[in-house]
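Below is one structure; the comments refer to it alone.
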Amino acid sequence: MMRAGPAPEEIRRHNLGTLLRFVHLRGPASRARLAESLGLNRSTIMALTSDLTAAGLVREELPRGPGRRAGRPSLVVRPESTRVYVLAFDVGVDRLVVARVGLGGVVLDRREAARSRDADPSDLVGTLAAGARSLVRKADRGAVCVGAALAFPGTVRRSDDAIMFGPNLDVGDVHLGDALSRRLGLGIPVSVRNDANLGALAEHERGAGVGCDNLIYLHGDVGVGGGIIVGGRLLGGDEGFGGEIGHMVVNPGGRPCACGARGCLEAEVGERTLLDLAGREAAPGQSGRDAVRGVVDAADRGDIVAREALHRVGNRLGLGVANLVNVFNPGMVVFGGTLRDIYLGSAAQVRSVLATNALAAPRERVKLRTTELGDDTTLVGAAEFAFAEVLADPVQVLTRLRTPEDTPVS
Amino acid sequence: MNLPGGGGGPAARAAAGPPVRPHALEAGRNGAATPGYRHPGAADTLGGHDRPSRDGGVARWEPLRMSVTPVLDLRGIDKSFGSVKVLHDVAFSAYPGEVTALVGDNGAGKTTLVKCIGGIHPFDSGEYRFDGAPARVGSPRDAAALGIEIVHQDLALCENLDIVQNLFLGRERRRGLMLDEAGMEELARGTLAGLSVRTIGSVRQRISTLSGGQRQTVAIARAVLWDSKVVILDEPAAALGVVQTQQVLELVRRLADKGLAVVLISHNMNDVFAVSDRIAALYLGRMAAQVRTSDVTHRQIVELITAGVSGDLGLRR
């Protein structure tokens, strides 16, 4: 039997989500602008905003500053950033970050901790939970946590958030999210996703790739991760393992990779290789990121060994990008993490290899950009992912979270 | 993360008084060039929820298509200083939304060409077109009136003045008989925010207290404050450390992504390849080639700079 279009309830939920998503991503907007941008009439906008206001998700106020023209000014709809928030966790090999991020994408508060590479895996959950709890304690009275997500540098199964493979970081427990959720005791599940996938999402929604629906994000930490957005959606593959660009072979029979293969992009342009080629070692207490920056800095000052290392890494990176350009025809490739520094330090090599190895048609318009979110790309991605549920069905989710008023805040 | 306030701020600012000129960058933020707002659903894909896509009720914004006509178009430019011939039959174009790198050896004529564009030196013969129409640029004031701003290597900032005073130097806004300090401060802050500059604290800091990278940023902000269409940067990263160079390069890229035509003079091939869309290589006063960066290699550009020719590219002998 044919369905006669979506039900009115469904449309309403969809429109609520769309409106909330608009002010979440684009910032406060007047009712007039919302009406224009969303293609809805002003009375619909009014009804939607009053629902969202009643749920405590947005508030309306008079525009700041003098009015633009005669007549009653259109009310400005603002996200309730301090009252509706998520917890975002970024697990890196060298550092752990926990942030409380308000609706609208404002980082309200954050805790950072350095992590030593041989740290005891069982400490991880404890450290993260302690950081998160101190953030929750400092939240406003009546503020509600609407989600939590964790960015992990490894392969994560979509169906149950299980960590399948994390060559650079031993976590001990494959169900890191469940363990963390239990320790937090907020009654909120903690989703776990691949960090570079979340980075792609962040650049797409808030960074260099806003408005670009075919985007590839390359993230450098110790290894190299990737996230591929096609037609505005993240390419996850059958089980969510997709986008492992770091394990694309760019040099058959090349350097051994932690995954067991040889010549993976990760093995050819990763931190260890760059430092090895430059004849350096990460100084004790120095993070990998700083060590990579040290090589780029030395090359800039004229150190020939560092230059040669960057050249070789740049050539391999260019080869990887050329393959991606040929296969996916992205509108933009964004370099983040340590790859931002590596790209800016070896752009001549990367783009020369791209010019000779990629097909002319997809190469012509592809934009190569660096992250606009600095070192927070993956953290922002985790926050955006944590917001996904409330943005999909705002009122329902908030009602569910607010009904048991005894949300335990220990 | 991006700052809230993109909605109210710019509109209010434009209304705050008779604007000197509409604000180039803010126009891009508010108007048609605002990046397209998408359907919801991207975030859920990560979770694998398959939601039906619906088209009713939600308008899409399409990003503004960049035009392909050059905003600045020079043809057959000749320039001599007395008996010294410096430029010969030079063609040069700059496109909106693109970074055009101008490269060449020392003495190839880069700076002279830029000074001709900026009206500092009159050229002897040749055609100067701006926005498709012939233009006469006899002085820097003419160039500024067209919307061409040059950031010189020495930056030309006054060390003893603060950022706002430098941004508006010689073009101060007035309110009656007084200077409109509040308005200028607001506009300065808005411009720096529009450039996503986070490295500068107060706009009332003196230039003498700023680092090299911050000074470069102020000089660039001054160039884009005036609804400019073409911004020419002469070796912006020459005296900077690697961190500040990276920030300036990203700033250069953002200017172009906001729709300006940017001309970047640089000796550093990495910087050129990192941000440029086109490369114009001068060789001994002649334009060896203007090429798309995506079509050439480092080696080809080095050959064009040092020999004026590389394979099929370059000057015919």
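Same order as they appear, the protein sequences are chains A and B.
According to our numbering, the first sequence is numbered sequentially starting from 24.
According to our numbering, the second sequence is numbered sequentially starting from 201.
In this text, a Cβ means the ideal position worked out from N, Cα and C, and glycines have one as well.
A quick note: this is a predicted structure, and the numbers were derived from the prediction, not measured.
Does any residue of chain B bring its CB to less than 9 Å from the CB of residue i?
i              : result
Y240 (chain A) : no
G368 (chain A) : yes
V373 (chain A) : yes
A383 (chain A) : yes
E83 (chain A)  : no
T178 (chain A) : no
R134 (chain A) : no
A378 (chain A) : yes
D299 (chain A) : no
E395 (chain A) : yes
Give the DSSP bridge partners of residue i, in chain order.
i              : result
Y483 (chain B) : B:R486
D434 (chain B) : B:I465
S310 (chain A) : According to DSSP, S310 (chain A) bridges with nothing at all.
L349 (chain B) : Reading off the sequence shown, one finds Glu at residue 349 (chain B), where the question assumed Leu. Its beta-bridge partners are B:V431.
S214 (chain A) : A:A172
E135 (chain A) : A:V120
M567 (chain B) : Summary: the structure shown does not reach residue 567 (chain B), with chain B confined to residues 201 through 517, and so no result is reported for it.
I252 (chain A) : A:L238, A:L257
G243 (chain A) : A:V247, A:G360
Can you check whether the C-beta of residue i is within less than 9 Å of a C-beta belonging to chain A?
i              : result
A343 (chain B) : no
M378 (chain B) : no
L449 (chain B) : yes
R486 (chain B) : no
S396 (chain B) : yes
G248 (chain B) : Residue placement at G248 (chain B) cannot be trusted, given a pLDDT of 35 that sits under 50; what the coordinates show is reported in the next sentence. Output row for G248 (chain B): interface = yes.
D471 (chain B) : yes
V452 (chain B) : no
V271 (chain B) : no
T497 (chain B) : yes
R415 (chain B) : no
V418 (chain B) : no
Verify whether the separation of the beta carbon atoms of residue i and residue j is less than 9 Å.
i              : j              : result
G232 (chain A) : I252 (chain A) : yes
V403 (chain A) : A225 (chain A) : yes
L410 (chain B) : L367 (chain B) : no
I150 (chain B) : V431 (chain B) : Summary: the structure shown does not reach residue 150 (chain B), with chain B confined to residues 201 through 517, and so no result is reported for it.
D184 (chain A) : S214 (chain A) : yes
L42 (chain A)  : L85 (chain A)  : no
M469 (chain B) : V502 (chain B) : yes
G368 (chain A) : G341 (chain A) : no
F410 (chain A) : L126 (chain A) : yes
D364 (chain A) : V319 (chain A) : yes
G413 (chain B) : D323 (chain A) : no
A281 (chain A) : P212 (chain A) : no
Just confirm the distance between the C-beta atoms of residue i and residue j, as a whole number of angstroms; I'd bet it's less than 8 Å.
i              : j              : result
G170 (chain A) : V109 (chain A) : 4 Å
T178 (chain A) : N217 (chain A) : 7 Å
N237 (chain A) : P385 (chain A) : Wrong, their Cβ atoms sit about 10 Å apart, outside the cutoff.
G318 (chain B) : I350 (chain B) : 5 Å
A294 (chain B) : A461 (chain B) : 4 Å
S53 (chain A)  : V99 (chain A)  : 5 Å
V114 (chain A) : L203 (chain A) : V114 (chain A) to L203 (chain A), Cβ: 10 Å. No contact.
L209 (chain A) : C168 (chain A) : 6 Å
R133 (chain A) : V120 (chain A) : 6 Å
L39 (chain A)  : L61 (chain A)  : Wrong, their Cβ atoms sit about 11 Å apart, outside the cutoff.
Give the single residue among the options whose Cα lies nearest to the Cα of residue i.
i              : options                        : result
G282 (chain B) : B:D324, B:V290, B:A356         : B:D324
Q353 (chain B) : B:A437, B:I320, B:L482, B:G326 : B:A437
E289 (chain A) : A:P212, A:A322, A:V245, A:F264 : A:V245
A489 (chain B) : B:R398, B:G319, B:I505         : B:I505
R492 (chain B) : A:R374, A:V272, A:D364         : A:R374
I465 (chain B) : B:G459, B:L455, B:S476, B:A456 : B:S476
A172 (chain A) : A:A415, A:T401, A:T422         : A:T401
G390 (chain B) : B:N468, B:R371, B:I363, B:L377 : B:I363
D457 (chain B) : B:I501, B:D289, B:G394, B:L515 : B:G394
R359 (chain A) : A:T393, A:G337, A:I327         : Before going further, note that residue 359 (chain A) is Gly rather than Arg in the sequence given. The shortest Cα separation from G359 (chain A) among A:T393, A:G337, A:I327 belongs to A:T393.
Q309 (chain A) : A:E395, A:G302, A:R140         : A:R140
C358 (chain B) : B:V303, B:A480, B:R406         : B:R406
T399 (chain B) : B:E435, B:V448, B:M378, B:R371 : B:V448
L272 (chain B) : B:L287, B:K279, B:G297         : B:G297
G243 (chain A) : A:R316, A:N274, A:A378, A:R205 : A:R316
M187 (chain A) : A:I239, A:R206, A:G263, A:G230 : A:G263
D305 (chain B) : B:T417, B:D512, B:Y483         : B:Y483
Any C-beta of chain C sitting closer than 9 Å to the C-beta of residue i?
i              : result
R389 (chain B) : No chain C is present in this structure, whose protein chains are A and B.
Can residue i be considered in contact with the ligand SAH, in the sense that its beta carbon sits closer than 8 Å to one or more heavy atoms?
i              : result
L131 (chain A) : The ligand SAH is not part of this structure, which contains no ligands at all.
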